């Protein structure tokens, strides 16, 4: 669950409800989620599309989303990272050849 977000978690991260609405629109956030009742964030549109729909300048949106991503990154840093496979087994693969 390192990369997944619950609806409530996302709601708490955003102080401004308009920012949450904008974020939800861009990533298609729903209460049901898209992965075990949580959200794995996937862009649903481009910044140009979002700018057209909202009437906000694209560069302003990109700046806002940089801030949003930084907030999410800071919260995610407190989570337990998933395990990674760091074994080096090239020797074994070489023996098979």
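Numbering (this note's numbering), first residue to last: 153 to 249.
Glycine included, each C-beta is placed from N, C-alpha and C at the ideal position.
All figures in this text were calculated on a predicted structure; none of them were measured in a lab.
Annotation for residue 176: the continuous alpha helix (DSSP H) segment containing it runs 169-179. Beyond the five residues adjoining it in sequence on each side, residue 220 comes within less than 6 Å, by CB distance, of 175 in the same chain, given in chain order.
Per DSSP, residue 196 lies in no alpha helix (DSSP H) segment and is marked neither H nor E. Counting along the chain, residue 215 sits inside the alpha helix (DSSP H) bounded by residues 210-228.
In the three-state reduction of the DSSP assignment, residue 187 falls in the strand class.
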